[in-house]
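Have a look at the structure below before the remarks.
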Amino acid sequence: SDVCSSDLTVAAAPEWRLGMAEDEQAVLLRLLDRRADPRREAAWRLLAVLWQGAYYQALRVEQGLGYALFSRFHAGEDAAELQFGVQSPHAPVERLREAIQGFLARAVAELPATSPARLQQARRAVLDGLADPGTRQARLLRTCHAWLAAQPAGWAEEVRQAAQGLQLADLADAAAALLGAATLRCWVSST
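Residues in the sequence shown are numbered from -3 upward in steps of one, following my numbering.
Here is the structure:
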């Protein structure tokens, strides 16, 4: 079974602890959302692109935390997710969690300063990711993934259209909502 079930009926945000070898510590934050609103999914996809480099800069370069860092959007079977992970041989789990939370607060606050050119780059990346793959095999793989993820017919096209129309104010609203209690957070941490 999946760690941190994406069953969004859970009242309290789950937390999972995993063992790791030696002194390694790792933290993964999963922000989960039922795939019911193509505009929200498009916003999350754009935020993932906009924040990827900034996340690495904030945690690895500025704070020297960890060596394995990633942030991404993931379309799962039951939910869409924004994921932020870091692994470190020297920082404790609580410090890693604080760094992720601090990054999110800072990223949300700085989002309005995003340049139109940077927003357009992110939009292009999202649209390229949603584009119809050229080969027959790639189209079959995408169709199978959509079926396994229980996407309604035309979902990718709805998300694509939403991504084309989202403005910075829409992203700021979606980002601010990430910090609120309505977004299910699931922490996966080493013990």
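All C-beta atoms in this analysis are idealised placements derived from N, C-alpha and C, irrespective of residue type, glycine included.
Task: A170 beta carbon less than 8 Å from that of L27 - done: no
TODO: Could you name the residues of the same chain whose beta carbon sits closer than 6 Å to that of I96, not counting the 5 residues immediately before and after it, in chain order?
DONE: L25, F80
TODO: Check whether the Cβ atoms of L193 and L175 lie closer than 8 Å to each other.
DONE: For residue 193 there is no data in the structure shown, the boundaries of the chain being -3 and 187.
Open item on the list: When you compare the stretch 63 to 79 with the stretch 28 to 39, are there three or more beta-carbon pairs, one atom per stretch, that lie closer than 8 Å?
Closed with: yes
- [ ] Can you tell me which of the three DSSP states R181 falls into?
- [x] strand
TODO: For A168, name the three-state secondary structure that DSSP assigns.
DONE: helix
TODO: Give me the Cα-Cα distance between P192 and Q116, rounded to the nearest whole angstrom.
DONE: What is shown of the chain runs -3 to 187, which leaves residue 192 out entirely.
Task: L175 in three-state terms, based on DSSP - done: coil
TODO: Provide the residue span of the beta strand (DSSP E) that contains E77, from first to last.
DONE: 75 to 84
Open item on the list: Using only the alpha-carbon positions, how far apart do V184 and R93 sit?
Closed with: 10 Å
Task: Pick from V23, R41, D19, R181 that is closest to Q160, judged by C-alpha positions - done: R41
Open item on the list: Taking the beta strand (DSSP E) that A32 belongs to, which residues open and close that run?
Closed with: First-last for A32: undefined, no H or E at that position.
TODO: Just tell me which of A118, L180, E154, C182 has its CA closest to the CA of Q163.
DONE: A118
Task: Coil, strand or helix - Q116 by DSSP - done: helix
Task: Opposing strand residues paired with S67 [DSSP bridges] - done: F80
Task: A105 burial status per 10 Å Cβ neighbour count (16 or more: buried) - done: exposed
Task: Status (buried if at least 16 other CB within 10 Å, exposed otherwise) for V155 - done: buried
Open item on the list: Alpha carbons only, please: which of E90, E153, R102 is nearest the one belonging to A127?
Closed with: E153
Task: Residue environment, R102, which counts as buried when at least 16 other CB atoms sit within 10 Å - done: exposed
- [ ] Look at the Cβ atom of A158, then the Cβ atom of A38, and state whether they are nearer than 8 Å.
- [x] yes
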